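Below is one structure, written out as structure tokens; the observations come after it.
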Amino acid sequence: MHKYWFHIGWFPVRSYSTIFLLAFILGLGFTIYVIKTEKKEKYIPAWLDLGPLLFFGGVISARIWQVFFFNWTFYSKYPGQIIAVWNGGLSIQGGIVGAIITGWIFARIKKIPFWELADMAAPGILLGQSIGRDADFMNGSAYGSPTGSNFGILYPVGTLAREQYGNHPLWPAMLWEGQADILLFAILMMLKLKKWPTGWLFVYYMISYNIVRFFLEMLRGDSPRFLFNWDAAQWTAIPMVVAGIIAGVWLWFDERRRKKTASLDETAPMLD
């Protein structure tokens, strides 16, 4: 657990920033790799253009989510820290919302099917998220609550977790989430072996990840609690699960409608 790899003069090279950036690059690289294996190379130029837009759109939205929904109590007291993304504090869920909006706008402008792009992105997102949790661990952020036993992570002096909970082992919530992301990623890659309605792979990601996130948040100790003793991530997860279910049902009916229309077109009599 080290916040800094090294310093270049006065400039610190932070573990959080570098791992976060590498996680995004790996996720994007894996997306392009999958596109190549599926013989969809025509989408690669679009993804090379879209990648940087997703990064900046996702980071901005992730920071907004973190500041105003997750920890406004802190940032309202220290407004100078709002732009200090290099210190950590990026909401994965907020980043996904920003990336969805960015991707939808891009798809509309370029006239590319949005749900096809979303399906392509799903495996890379899970892979990137799993590595991103390592960034949290190295930074000493996204920590859990006390386990009440000898089991858990004992954070070193100088971390927020140590300042809040002292010499108490904490649940490894962020590490378990990273491991869960790998399991969800493996299941998703198996699902890709079968033909599904366009968009369902991304819907699987939205529903499965947010369900896992909801329950793991019960172990978190770094976020304020609200109604039902839920934190901001749980209140974000529930609408995203509902939105995923609605989107999945709509996509299924839309797929059936298009197949029926295509079948009618094929069987329609030729006019002389």
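In terms of my numbering, the sequence shown opens at residue 44 and continues consecutively. The beta carbon of each residue, even a glycine, is placed where N, CA and C say it ideally should be. Every value quoted in this text rests on a predicted model; they were computed, and no experiment measured them.
| query | result |
| --- | --- |
| Exposed unless 16 or more other CB atoms sit within 10 angstroms - verdict on Ala127 | exposed |
| Among Gly195, Phe73 and Phe149, nearest to Tyr208 - alpha-carbon criterion | Gly195 |
| Residues that DSSP places opposite Asp162 in a beta bridge | In DSSP, Asp162 forms no bridge with anything. |
| Unbroken stretches of the alpha helix (DSSP H), 4 residues or longer, contained in the region 87-150 | 87-108 and 115-120 |
| Bridge partner(s) assigned by DSSP for Gly171 | Gly171 is not bridged to any residue. |
| Beta-carbon gap between Leu160 and Ala89 smaller than 9 angstroms | yes |
| Host alpha helix (DSSP H) of Trp219 (start-end) | Ala216 to Leu234 |
| Sequence-distant residues of its chain with Cβ nearer than 6 angstroms to Phe73 (five each side left out) | Gly167 and Leu170 |
| Coil, strand or helix - Val200 by DSSP | coil |
| 6 angstroms CB neighbourhood of Ala216 in its chain, flanking five on each side removed | Gly187, Leu259, Leu262 and Arg263 |
| For Ile316, the three-state DSSP class (helix, strand or coil) | The structure shown has nothing for residue 316, since the chain only spans 44 to 315. |
| Beta-carbon proximity of Ser251 to Leu227, cut-off 9 angstroms | yes |
| For Asp179 and Lys46, the rounded distance between their alpha carbons | 10 angstroms |
| Secondary structure of Pro189, DSSP reduced to three states | strand |
| Anticipated Cβ contact below 8 angstroms, Phe221 with Asp177, distance rounded | Checking the sequence shown, residue 221 turns out to be Gly, not Phe. With 8 angstroms as the limit, Gly221 and Asp177 qualify as a contact, their Cβ atoms being about 6 angstroms apart. |
| Pair within 9 angstroms by beta-carbon distance, Thr279 and Gln136 | yes |
| Pro122 versus Leu69: straight-line alpha-carbon distance, rounded | 32 angstroms |
| Residues sharing a beta bridge with Val56, DSSP | Phe49 |
| Own chain residues within Cβ distance below 6 angstroms of Glu84, not counting five before or after | none |
| Reduced DSSP category for Asp179 - H, G, I as helix; E, B as strand; rest coil | helix |
| Per-residue DSSP class, three states only, for Asp297 | helix |
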